[in-house]
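For the sequence shown, full-length UniProt numbering begins at 1 and goes up steadily by one.
Glycine included, each C-beta is placed from N, C-alpha and C at the ideal position.
These numbers were taken from a predicted model, which means no experiment stands behind them.
Below: the structure, in structure tokens.
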Amino acid sequence: MEQVFTALAKLPLEAQIAYGIIGILILVVFFLWPLAIYYPVRLVIAAAGWIVRRFGIKPDEKASDDDDKPAAI
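Printed below as a string of structure tokens:
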């Protein structure tokens with residue numbers, strides 16, 4: 001680790017700033033990527049719950065014209 005800091009210290013200031021920004025971005029992506037999976041899934045579940053509450057629809061209810069009889073031939 002000390003060798004990395006020594007090598008970075010020899011670089012120009014602009015390069016040090018660029019490496020610092022890239023390092024920060026890598027850390028942000030590393031720690032926040034689970035949210036990119038969690039929130040889209042949570043949003044779909046929350047939207048389904050909102051639809052059920054808003055319209056009073058339950059997944060196991062059938063429409064009045066929906067029966068399991070075969071169509072007349």
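Beta-carbon spacing of Arg-8, Tyr-19 below 8 Å:
Note on residue identity: the sequence assigns Leu, not Arg, to residue 8. Yes, the pair counts as a contact, with Cβ atoms nearer than the cut-off.
Pro-12 - DSSP class collapsed to helix/strand/coil:
coil
Is Gly-23 helix, strand or coil by DSSP?
helix
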